[in-house]
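Here the protein sequences line up with chains V and X, keeping their order.
0 is the number of the first residue of the first sequence in numbering that gives the first Met the number 0; add one for each residue after it.
0 is the number of the first residue of the second sequence in numbering that gives the first Met the number 0; add one for each residue after it.
Let me begin by presenting the structure, written as structure tokens, before commenting on it.
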Amino acid sequence: MTSCRTAGLALAALVLVAACGGSATPIPIASSVPVVGSTGPEASIPTAADAVSTYRAYIEMNTDLLVTRTKAFTDAVIAGKLAEAKALYAPAREPYERIEPVAEVFGDLDPAIDARINDVPAGGTFTGFHRIEEALWTKNSTAGMAPIAKKLQADVIQLQALVKTVDLDPATIANGAVGLLNEVSSSKITGEEDRYSHTDLWDFEANVVGAQEAWNSVKAFVVARSPDLAATIDSGFAAVLAGLDPFKKGDGFVSYTVLKPADTLALSQLIDALADPLSQVAAIVVTAQ
Amino acid sequence: MTAGPAISRRRLLAGGLAAGAGFAVGGLGGFGVARESQAADPQTVVEPFYGVHQAGIATAAQERIQFAAFDVLTSKRDELQALLRSWTSAAALMATGKPVGDPAGDPNAPPIDTGEALELGPARLTLTFGFGPSLFAGPGPDRFGLAALRPAALADLPPFAHDELDPTISDGDLCVQACAEDPQVAFHAIRDLARIGRGTVAIRWAQLGFGRTSSTTAAQATPRNLLGFLDGTNNVHGDDQPTMDANIWVAAGDDPPWMRAGTYLVARRIRMRIEAWDRDSRGDQEATIGRHKVSGAPLGGVNERDTVDLAALGPDGKPVIPMAAHIRLAAPATNGGIRILRRGYSFTDGIDSLTGQLDGGLFFACFQRDPRTGFVPVQTRLAASDALNEYIVHVGSGLFAVPPGIAEGGYIGQTLFG
Ligand code: HEM
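Set out below in structure tokens:
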């Protein structure tokens, strides 16, 4: 079986190849969008450097925003302004959730900022956004949170500096997009992420938007190699974002508790339908370079 | 959980694929006699995928099942057709023990085949595809323009007495029945088909079954169900051509034409009240079924295959086989000659957290030429008076039109899409 080769990726990513038959018949897999006519090679084939600098700018924009918004949030916590702190919690997390896979590169920083209580090892300290979330919503208080807030503020400033040093290449960016969608399906769709505030849908959208931005920065490679796959992914993002529309409220979203089982099922299926084709992208950008 | 025979997986690598399809798996039931002394390792045997009828119906029942019902997510007819083409190609590969794609491909891409069946061999895998009523006319509009082609025989099942059907484990636009000698081969098939269809279809519910409860050929030994009784003794046999043609396959003159050589599947997840059953005396258990527990003989008989005598009276003047006994009420003689091919599997999904009792029973599946004159009247009678009702409850249900088989180059369901 090892002598078989994958002929599929060059034709279209969603292709099965008969493994060992004499005739390596590609089996086209139904895509969830109508097959668009080949658009032919784009005017210019992008370079890896283009993709990386586009995405790097996006990360830095988001860490800057994270620092500003976290400052407003933690200032409110330190000042004991409960209502204001609650209102600023979800927006402060948004930029973080858009670029989470990058933040995860730096060892203990992600757990310090974003661990849920069950992520904390026995004997460890529970810090970061969710520690404060717990106090704000379950105790309805900011009492004792000032040190946690100061630490959180320091941690995001450290992150802002560190992301400038991160190594990026197009395949890593593509895999990061899949990672963000996996985040959605493992913790956002279940309501585990923001279990006290039920603001999970903010994080949900931020993960998807962040994945879309990562995809956009490498998309040109795929358009040149496999336009059908690119179209499938574009319409997959559109479908997920449209699926969130009914739950929008004001500048944000309704409480996660409003979702019925049928709603979470439908959203989860949309995420899976997008993440599968997206998982084909890394291999294409590697061969395209 | 699996109680099957120890099978050498390594032997497969050395031996390659045995030809010879549909051979009898003698002796696997433990109680029966091996009828083929030189039977090949079932793990290496290929069941033919192509044919007049789909495989997995007349095929000698394999030991395991993974069943799945799917919702179709797209409303585009061409995407549904494309999916059936992809599924057909993948199924044909898997039936011969091959992966659906190169398992050692591009290191930067997810493997095309998920890999867990790589060394397991074909293991007599059959994949049987069906179309549910909702495919033809969903709750909404006629999504695929198929409403006019819905077979009259695919009439929604009526509610039966005592049903406690859970909609989350019932119905479906499509179904795939994967049967194999190896549970992981069956599981892999459904997993990879679901993956291929991601975005176009989604699994609605699924059921894993660990042991067959039917013999479906004359040569096959009768297995036991979770009540501890031999099950399948008086089943229709897939190799009994005249009975199959008269009762199971949609005939050449039947409507609609696209279903000819197809059949209809009724699947019921029947939970057994095992703890209550286990408190019942042997005598009462035997009266409930109408057969002896150990020998499987009908009450009044000695051997498993003895003729069931529904007219026999005991010294007390009462029927030897009680009026409410399962086999009396299910027998063709009681139901105007109705014969269905049963192809069920025992299942367990752990314990019921509410009661601490076992969540297990029979994943009942039967095939017939027309459910309106097959499952429905028999089940109506059973639901009304079967003594077994004290110990069972139907909790899931599915009805599917199973289109005919195909020749190489065709795709499953092509007679429907024309
Ligand atoms: C958990 C539920 C059930 C159990 C445990 C069960 C068990 C059995 C057993 C032990 C036999 C005797 C052996 C044999 O001839 O196969 C039998 C026979 C039979 N059963 Fe069931 N059964 C169940 C449900 C059903 C259902 C739902 C139907 C159809 C609607 C059905 C139809 C039949 C038929 C047609 C026979 C053969 C009767 C004859 O011709 O002698 N059974 N069943």
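The C-beta atom is built at its ideal place from N, Cα and C for all residues, glycine as well.
Ligand 1 heavy atom lying under 8 angstroms from the CB of X:Phe228: Position 229 of the second sequence, counting from 1, holds the residue named residue 228 of chain X. Yes - ligand 1 has a heavy atom lying nearer than 8 angstroms to the Cβ of X:Phe228.
X:Pro182 versus X:Pro41, X:Ala400, X:Pro403, X:Ile326, residue with shortest Cα-Cα distance: Taking the first residue of the second sequence as position 1, residue 182 of chain X is located at position 183. Nearest C-alpha to X:Pro182: X:Pro41.
Beta-carbon neighbours of X:Pro109, restricted to chain V and to distances below 8 angstroms: Your numbering for residue 109 of chain X matches position 110 in the second sequence. Residues of chain V passing the Cβ test: Ser278, Gln279.
Of the residues V:Glu212, V:Val257, V:Tyr255, V:Leu277, the one placed nearest V:Thr231, counting alpha carbons only: As a working mapping, residue 231 of chain V is identified with position 232 in the first sequence. The option with the nearest alpha carbon to V:Thr231 is V:Leu277.
Coil, strand or helix - X:Ser280 by DSSP: Numbered from 1 along the second sequence, position 281 holds the residue referred to as residue 280 of chain X. X:Ser280 falls in the coil class under three-state DSSP.
X:Tyr344 beta carbon less than 9 angstroms from that of X:Leu328: For the purposes of this step, residue 328 of chain X is taken as the residue at position 329 of the second sequence. For the purposes of this step, residue 344 of chain X is taken as the residue at position 345 of the second sequence. Cβ atoms of X:Leu328 and X:Tyr344: not closer than 9 angstroms.
Sub-9 angstroms separation of X:Gly418 and X:Phe399 beta-carbons: Only positions 0 to 417 of chain X appear in the structure, and residue 418 of chain X is not among them; the question remains open.
CB-CB length for V:Tyr95 against V:Ala102, believed under 8 angstroms: In the first sequence, counting from the first residue as 1, residue 95 of chain V sits at position 96. In the first sequence, counting from the first residue as 1, residue 102 of chain V sits at position 103. With 8 angstroms as the limit, V:Tyr95 and V:Ala102 qualify as a contact, their Cβ atoms being about 7 angstroms apart.
Nearest to X:Pro150 (by Cα), restricted to the options X:Ile288, X:Ala275, X:Phe346, X:Met258: As a first step, residue 150 of chain X must be located in the second sequence, where it is residue number 151. The candidate whose alpha carbon is nearest that of X:Pro150 is X:Met258.
Any alpha helix (DSSP H) of 4 or more consecutive residues that is wholly inside the segment 144–226 of chain V: 145–161, 169–182, 199–224
Alpha-carbon spacing of X:Leu225 relative to X:Arg272, whole angstroms: On the second sequence, position 226 is the one that residue 225 of chain X refers to. On the second sequence, position 273 is the one that residue 272 of chain X refers to. Cα to Cα, X:Leu225 sits roughly 10 angstroms from X:Arg272.
X:Ile339: CB within 8 angstroms of a non-hydrogen atom of ligand 3: Ligand 3 is absent from the structure shown, which contains only ligand 1.
Sequence-distant residues of the same chain with beta carbon closer than 7 angstroms to V:Met144, five excluded per side: Taking the first sequence and counting its residues from 1, one reaches residue 144 of chain V at position 145. Taken in chain order, the residues that qualify are Val76, Ile131, Ala134.
Whether V:Val207 touches V:Val239 by CB criterion (9 angstroms): Looking up residue 207 of chain V in the first sequence gives position 208. Looking up residue 239 of chain V in the first sequence gives position 240. Yes, Cβ-Cβ distance for V:Val207 and V:Val239 is below 9 angstroms.
Presumed contact (8 angstroms Cβ cut-off) between V:Glu59 and V:Val162, rounded CB distance: Position 60 of the first sequence, counted from the start, is the residue given in the question as residue 59 of chain V. Position 163 of the first sequence, counted from the start, is the residue given in the question as residue 162 of chain V. Contact holds; Cβ gap of about 7 angstroms.
Cβ-based burial, X:Thr420 [other Cβ within 10 Å; buried from 16]: Nothing can be reported for residue 420 of chain X, as the shown portion of chain X is limited to 0 through 417.
Collapsed DSSP secondary structure at X:His291 in the structure displayed: Taking the second sequence and counting its residues from 1, the one referred to as residue 291 of chain X is at position 292. DSSP places X:His291 in coil when its eight states are reduced to three.
Euclidean distance between Cα positions of V:Val165 and V:Val51: Against the first sequence, residue 165 of chain V aligns to sequence position 166. Against the first sequence, residue 51 of chain V aligns to sequence position 52. Going by the C-alpha atoms only, they are around 11 angstroms apart.
Per-residue DSSP class, three states only, for V:Asp74: Residue 74 of chain V sits at position 75 when you count from the first residue of the first sequence. V:Asp74: helix per DSSP, three-state reduction.
Chain X residues whose Cβ lies nearer than 8 angstroms to that of V:Ile275: Taking the first sequence and counting its residues from 1, one reaches residue 275 of chain V at position 276. At residue 275 of chain V the sequence reads Asp, which differs from the Ile that was named. The answer, in chain order, is Arg194, Arg197, Gly198.
9 angstroms Cβ cutoff met for V:Leu258 and V:Gly209: On the first sequence, residue 258 of chain V is found 259 positions in, with the first residue counted as 1. On the first sequence, residue 209 of chain V is found 210 positions in, with the first residue counted as 1. No, they are not a contact pair.
Where the segment 313–336 of chain X meets chain V: residues whose CB sits under 9 angstroms from a CB there: none
Partner residues on chain X for V:Ala272, Cβ-Cβ distance less than 9 angstroms: One-based indexing of the first sequence puts residue 272 of chain V at position 273. Under the 9 angstroms cutoff, chain X gives Leu72, Arg197, Gly198, Thr199, Ala201.
Buried or exposed by the 16-neighbour rule on C-beta atoms within 10 Å, applied to X:Ile189: Translated into positions along the second sequence, residue 189 of chain X becomes position 190. Classification of X:Ile189: buried, given that the 10 Å Cβ count is 16 or more.
Interfacial residues, the segment 96–108 of chain X to chain V, with Cβ spacing under 9 angstroms: Lys97, Pro98, Val99, Gly100, Asp101, Pro102, Ala103, Gly104, Asp105, Pro106, Asn107, Ala108
Pair within 9 angstroms by beta-carbon distance, V:Gly79 and V:Thr141: To locate residue 79 of chain V, count along the first sequence from 1; it is residue 80. To locate residue 141 of chain V, count along the first sequence from 1; it is residue 142. Against a cut-off of 9 angstroms, the Cβ pair of V:Thr141 and V:Gly79 comes out as a contact.
Proximal chain X residues relative to V:Ala282, where beta-carbon distance stays under 9 angstroms: For the purposes of this step, residue 282 of chain V is taken as the residue at position 283 of the first sequence. Within chain X, the residues near V:Ala282 are Gly104, Asp105, Pro106, Asn107, Ala108, Pro109.
Strand pairing of X:Gly196, partner residues [DSSP]: On the second sequence, position 197 is the one that residue 196 of chain X refers to. X:Gly196 pairs with nothing; no bridge assigned.
X:Gly198 versus V:Thr46 - alpha carbon distance: For the purposes of this step, residue 198 of chain X is taken as the residue at position 199 of the second sequence. For the purposes of this step, residue 46 of chain V is taken as the residue at position 47 of the first sequence. So the alpha carbons of these two residues sit roughly 31 angstroms apart.
X:Thr232: CB within 8 angstroms of a non-hydrogen atom of ligand 1: Here residue 232 of chain X refers to the residue found at position 233 when the second sequence is read from its first residue. Answer for X:Thr232: yes, Cβ within range of ligand 1.
Contact set between V:Gln288 and chain B, taken where Cβ atoms lie within less than 9 angstroms: Absence of chain B from the displayed structure is noted, the protein chains being V and X.
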